[in-house]
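Participant: First, the structure itself, so that you have it in front of you.
There are 2 protein chains.
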Amino acid sequence: MRFMTTYTPAEVAERTGFSLDTLRYYEKAGVMDAVGRTAGGRRAYTEQDVEWLGLVRCLRDTGMPIAALKRYAELCRDADTLDERLALLEEHDREVQESIDALLLQQARLREKVAWYRSQGASAERHLALSVLR
Amino acid sequence: MRFMTTYTPAEVAERTGFSLDTLRYYEKAGVMDAVGRTAGGRRAYTEQDVEWLGLVRCLRDTGMPIAALKRYAELCRDADTLDERLALLEEHDREVQESIDALLLQQARLREKVAWYRSQGASAERHLALSVLR
DNA sequence: TTCAGACCTGGAGCGCGCTCCAGTTCAAGA
DNA sequence: TCTTGAACTGGAGCGCGCTCCAGGTCTGAA
Chain A
17 MRFMTTYTPA EVAERTGFSL DTLRYYEKAG VMDAVGRTAG GRRAYTEQDV
67 EWLGLVRCLR DTGMPIAALK RYAELCRDAD TLDERLALLE EHDREVQESI
117 DALLLQQARL REKVAWYRSQ GASAERHLAL SVLR
Chain B
17 MRFMTTYTPA EVAERTGFSL DTLRYYEKAG VMDAVGRTAG GRRAYTEQDV
67 EWLGLVRCLR DTGMPIAALK RYAELCRDAD TLDERLALLE EHDREVQESI
117 DALLLQQARL REKVAWYRSQ GASAERHLAL SVLR
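These protein sequence lines are chains A and B, in that order. In terms of my numbering, the first sequence is residues 17 to 150. In terms of my numbering, the second sequence is residues 17 to 150.
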């Protein structure tokens, strides 16, 4: 007989930032293995479940689609898939890098626009200053 | 009588990277002003239209929602709204910065994971090397 | 024992941003 | 003149990732 700490759905939602509905959805969608249950049928998340959800958080926040997450989860069920898992994460990393790069590029454009508006604002103020001085 | 260069929908799609459907959608949605038409009723995009779409590209690529873009377009119809436009873009810039920061943070986590897999791969190789040497 | 409130399920619904479609019209080249 | 292909319209449909709902069950505190 072994004992282990488990967490209620509400606690997991609190700790991971996922909603209860999202947690159930992830389970249904195969993003995570079926969660253990209490005698009464309530979910009892283990520490590992919560850790897994931490990784899910990371991958979702970086834009990995549910389908890829599901694929990754499947690979993790088989211990003999380290290469594939690594490849999947490396591919994702490249995509993340690309979106960061794209974001930085467009941010530069955006800031040019902002700078332009500020210069317009400045001339409006100059204008105001002149009219005040008149 | 004045002449100006205009562009067909196909040309604009080519230049902006938006699909024909998306261009029509943006017009319907108020993301851009109604585009001028030829005698036969076909759209004739002006250089300004194309420039505007360039800005739309920038804002969409950085995640600005259609509704905000529409709001911005409305402000641009009134010359007397520089402050509001600037505020809108500055707010957007902050959000862009936040998502870049979030992305960088999670990317770091992701790379730790990748590094872990590589170390596993390395020990697997060591293991392989050992078995080869045996 | 009772009751509130957390949790259960299956399935419908939603918000976003397009994307596709059908049926029609326009325009340029052979 | 005919043909072909690009563009027109209004509206339906879609993929994604949740989110909500109804109707029922479980559980711990009073």
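Backbone N, C-alpha and C fix where the C-beta goes; we use that ideal spot for every residue, glycine too.
Excluding five sequence neighbours on each side, which residues of the same chain lie with their C-beta closer than 8 Å to the C-beta of GLY33/B?
Facilitator: Closer than 8 Å at the Cβ level, and outside the excluded window around GLY33/B, lie ARG73.
Participant: Is there a C-beta anywhere in chain B that falls below 9 Å from the one on THR54/A?
Facilitator: No, THR54/A lies away from the interface with chain B (no Cβ there is under 9 Å from its Cβ).
Participant: Would LEU69/B count as contacting chain A if we go by Cβ distances under 9 Å?
Facilitator: No, LEU69/B lies away from the interface with chain A (no Cβ there is under 9 Å from its Cβ).
Participant: Following the continuous alpha helix (DSSP H) through ARG31/A, name the residue where it begins and the one where it ends.
Facilitator: Its alpha helix (DSSP H) spans residues 25 to 32.
Participant: Could you list the residues in the stretch 118 to 140 of chain B with a C-beta less than 9 Å from some C-beta on chain A, going in chain order?
Facilitator: Listed in sequence order: ALA118, LEU119, LEU120, LEU121, GLN122, GLN123, ARG125, LEU126, ARG127, LYS129, VAL130, TYR133, ARG134, GLN136, GLY137, ALA140.
Participant: According to DSSP, THR62/A sits in a beta bridge with which residue or residues?
Facilitator: Beta-bridge pairing links THR62/A to THR22/A.
Participant: When the cut-off is 9 Å and only beta carbons count, does LEU149/A lie next to chain B?
Facilitator: Legend: pLDDT at LEU149/A = 45, less than 50; position of this residue unreliable, no value from coordinates given.
Participant: In chain A, which residues lie less than 7 Å from VAL112/B when you measure between Cβ atoms?
Facilitator: Those are LEU119, GLN123, LEU126, listed as they occur along chain A.
Participant: Please classify TRP132/A as buried or exposed, where buried requires at least 16 neighbouring CB atoms within 10 angstroms.
Facilitator: TRP132/A comes out exposed.
Participant: Cβ of LEU85/B within 9 Å of Cβ of LEU75/B?
Facilitator: Result yes, Cβ atoms of LEU85/B and LEU75/B sit closer than 9 Å.
Participant: Tell me whether THR24/B, by its Cβ, gets closer than 8 Å to a heavy atom of the ligand FMN.
Facilitator: The ligand content of the structure shown is nil, which means the ligand FMN is not present either.
Participant: Tell me, please, whether the CB atom of CYS74/A is closer than 9 Å to any CB atom in chain B?
Facilitator: At least one chain B Cβ lies under 9 Å of CYS74/A.
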